[in-house]
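Colleague: There's a structure below that I have some questions on.
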Amino acid sequence: MVDSTESNALEKSSRVKSIQGCISENLSLTVASSQPQFFDPQPAKIKTIQVFRWNPDKPEIKPHIQTFKFDMYWLIRQSPMVLTALIIIKEKLDGSLAFRRSCREGICGSCGMNINGVNTLACTCRVDDNLSKTIKVYPLPHMYVLKDLVPDMTHFYNQYRMIRPWLITK
Ligand code: FES
122 MVDSTESNAL EKSSRVKSIQ GCISENLSLT VASSQPQFFD PQPAKIKTIQ VFRWNPDKPE
182 IKPHIQTFKF DMYWLIRQSP MVLTALIIIK EKLDGSLAFR RSCREGICGS CGMNINGVNT
242 LACTCRVDDN LSKTIKVYPL PHMYVLKDLV PDMTHFYNQY RMIRPWLITK
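Numbered per my numbering, the sequence shown finishes at 291, counting up by one with no gaps.
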């Protein structure tokens, strides 16, 4: 019999090993260890996400789609949104992934991107529980790309300035 604190610690350590395995095995997650378990671990729920990548500092590498796999467990612990998945990828799998975000609650609009063909906010777009469905993430269309999922907002802000969306005093 294992108390819940010890059980949580064991589960956490098991998941950390799993993520470390994933880093060393070229972005593919492994289910944790064959070590004896004192509890029944949750089976890993591996979700696939495909992300548009392009780095202007490496012009020899053309724009391409990169596939990542992550355990839904990491989302459930935080929030089940696509932005959280991208943050997890950046923190645990590939720190070079670039995207914008700020408020993380659907207000600022900085995490706007194209997810599964829909222009939306990554912080309010829920990750589908269906593990067989791949998430596809691209930068907003019809805009120049600065890097990965970061569009160039220059044209947008020029147009925004033209309509003068602010109060004008006499
Ligand atoms: S981070 Fe502000 S709207 Fe998504």
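Virtual Cβ for every residue (Gly too), placed ideally from N, Cα, C.
From a predicted model like this one, the values you see are computed outputs, not experimental measurements.
(1) Taking its Cβ as the centre, do 16 or more other Cβ atoms sit within 10 Å of T205, making it buried, or is it exposed?
(2) For T188, report the span of its beta strand (DSSP E) as first-last.
(3) Let me check one thing: in DSSP terms, what residues is Q199 bridge-paired to?
(4) G216: buried (16+ other C-beta within 10 angstroms of its C-beta) or exposed?
(5) Hey, out of R174, E226 and T188, whose CA is closest to I182's CA?
(6) Would you mind giving the Cβ-Cβ distance between I209 and I236, rounded to the nearest angstrom? I have them listed as a contact below 8 Å.
(7) If you draw a straight line from the C-alpha of N147 to the C-alpha of M264, how long is it?
(8) Is any heavy atom of the ligand FES found at a distance shorter than 7 Å from the C-beta of C224?
(9) Measuring CB to CB, does L261 end up less than 8 Å from N279?
(10) Does the beta-carbon of S231, which I'm using as the reference point, lie nearer than 7 Å to any heavy atom of the ligand FES?
(11) May I ask you to report which of helix, strand or coil DSSP gives R247?
(12) Could you check whether the region 272–291 touches the region 242–251, counting it as contact only if at least three pairs of C-beta atoms, one from each stretch, sit closer than 8 Å?
(13) Among the residues of its own chain, which have a CB less than 8 Å from the CB of P177, if the five just before and after it don't count?
Modeller: Put simply:
(1) For T205, the number of other beta carbons within 10 angstroms of its own is at least 16, and it is reported as buried.
(2) Counting along the chain, the beta strand (DSSP E) containing T188 begins and ends at H185 to D192.
(3) Q199 is not bridged to any residue.
(4) Label assigned to G216: exposed.
(5) When each option's Cα is compared against that of I182, the closest is R174.
(6) Rounded to the nearest angstrom, the Cβ distance from I209 to I236 is 16 Å, too far for a contact under 8 Å.
(7) Its pLDDT being 38, under 50, N147 is placed unreliably in this model, and the value from its coordinates should be taken loosely. Each residue's Cα considered, the two are about 31 Å apart.
(8) Short note on C224: C-beta closer than 7 Å to some heavy atom of the ligand FES.
(9) It is not a contact, given that the beta carbons lie outside the stated cut-off.
(10) Indeed, a heavy atom of the ligand FES lies less than 7 Å from the Cβ.
(11) Under the three-state reduction of DSSP output, R247 falls in the strand class.
(12) Judged by Cβ distances under 8 Å, the region 272–291 makes no contact with the region 242–251, as fewer than three pairs qualify.
(13) Close CB contacts of P177 within its chain, under the 8 Å cut and outside five residues either way in sequence, are with L267 and K268 (chain order).
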